[in-house]
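Participant:
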Amino acid sequence: MKVHSLGYLVVSSTDIPAWRTFGTEILGLMAGVRDDESELWLRADERCHRIVVEAGDTDEVSAIGWELRNDVAFENLLADLDEADVAYERVDELAARRGVEDLVRVVDPAGYVLEFYWGMQVAQSDFASPAGVSGFKTGDQGLGHVVLAAAPFEDSNRFYRRTLGFGLTDFADMGGTPGHFLHTNARHHSLALIGCDKSAWFVKGGLIHLMVEMKSIPDVGLALTRATEAGCEFFETLGQHANDRMFSFYLHSPAGFPIEIGAGAIEVDPETWTSVNIPFPDLWGHEVLGLPEQ
Ligand SMILES: [Fe+2]
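Just so you know, we're using my numbering here: the sequence shown kicks off at 20 and counts up by one.
1. How is the alpha helix (DSSP H) around Asp64 delimited, first residue to last?
2. Relative to the alpha-carbon of Gly75, which residue among Trp303, Ser31, Ile213 and Ala191 has its alpha-carbon at the smallest distance?
3. With distance defined between alpha-carbon atoms, name the residue in Leu25, Trp60, Val22 and Leu28 nearest to Thr40.
4. Would a C-beta distance cut-off of 9 Å place Thr182 and Val132 closer than the cut-off?
5. For a quick check, are the C-beta atoms of Asn204 and Met20 less than 9 Å apart?
6. Ignore the nearest five residues each way along the sequence and tell me which others in Asp301's own chain have a CB closer than 7 Å to its CB.
7. Taking Gly309 as the reference, give the member of Trp220, Met139, Gly240 and Met233 with the closest Cα.
8. Per the DSSP calculation, Asn296 is bridged to which residue(s)?
9. Within the present structure, is the beta-carbon of Met139 separated from the nearest heavy atom of ligand 1 by less than 8 Å?
10. Exposed or buried, Trp85, counting other C-beta atoms within 10 Å across all chains shown (16 or more means buried)?
11. Between the alpha carbons of Phe268 and Glu255, how many angstroms are there, rounded?
12. Out of Ser24, Leu46 and Phe172, state which residue places its alpha-carbon closest to the alpha-carbon of His164.
13. So which of Tyr136, Arg62, Ala82 and Ala246 has the shortest CA-CA distance to Leu226?
14. Figure out for me which residue from Ala170, Tyr179, Gly184 and Gly214 has the closest Cα to the Cα of Ala191.
15. Count the other C-beta atoms from every protein chain shown that fall within 10 angstroms of the C-beta of Trp303, then say buried if there are 16 or more, exposed otherwise.
16. Suppose the cutoff is 6 Å on Cβ atoms and the five residues either side in sequence are ignored; what does the same chain contact list for Val307 look like?
17. Should Ser209 be labelled buried (16 or more other beta-carbon atoms within 10 Å of its own) or exposed?
18. Who pairs with Asp301 in a beta bridge, going by DSSP?
19. Where do the N-terminal and C-terminal ends of the alpha helix (DSSP H) with Phe93 fall, by residue?
20. Identify which residue in Pro273, Trp292 and Val295 has its Cα closest to the Cα of Asp78.
21. For Ile278, count neighbouring Cβ atoms within 10 angstroms of its own Cβ and tell me buried if that reaches 16, exposed if not.
22. Mapping the DSSP letters down to three states, classify Arg245 as helix, strand or coil.
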């Protein structure tokens, strides 16, 4: 695997205070050293951030950070991008702004801005969830997973599979729309590509969803209680996915896109896993409640 893990998500926001409240009080993430009206870092572990919220004119995902293991892996990736004729750019000061050693930006076939980087700073203080979450499952599995509106699907699939080296965990026909679930480490999927464009009704804020995995089922239950008591808007009820067996529910984030909060997913061995077709999304639950009221 060329890419080690999903590193971080960057979000443009018209309402940073809403993200601060949602991120810390509901999700149980911890505010990092950047925490003002222009930028908010949210931590899930020892890293300096896992979600970067930047003040902007829109509420949407603005970049997806993918981590490389070290400088050699990073240089090898750049060589692979050159060979595949994929353009990348170094943006002045961006690596320092993200707290990483080196970084390039690439626009994927669906229009998502990707930031490939290595050498991220760790925070000076230990992670301590302000909401009492026992912890987030990150480490070798990264932040979690993102699900993208990936039309044109074949181009996206080729880019992530052939150029970036993601493996196909499983796939499904989702009512005529293809869905491919891809791994780049032991996490069942760090990325899912859905063959729709960003105008689909379930795409809000540019993303289908972000998933963060907590360390235990009680963590998920307690998050469900916090969200219910705070009057949060749910996108899907509690349920369990058929493919990764994630026990989870979905909340609308302040950017509109849902965040899946889960625990208990199975892992894959990228060396031996063989792809399977799983033509049903859930074992139980996950009733879709719809988009938030505007
Ligand atoms: Fe998910």
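We put the CB at the ideal spot given by N, CA and C, even for glycine.
Facilitator: On the basis of the supplied data:
1. Asp64 -> no alpha helix (DSSP H), and no H or E assigned at all.
2. Ser31
3. Trp60
4. no
5. yes
6. Gly258, Gln259, His260 and Ala261
7. Trp220
8. Phe190
9. no
10. buried
11. 6 Å
12. Ser24
13. Ala82
14. Gly214
15. exposed
16. Glu255
17. buried
18. His260
19. Asp90 to Glu102
20. Pro273
21. buried
22. helix
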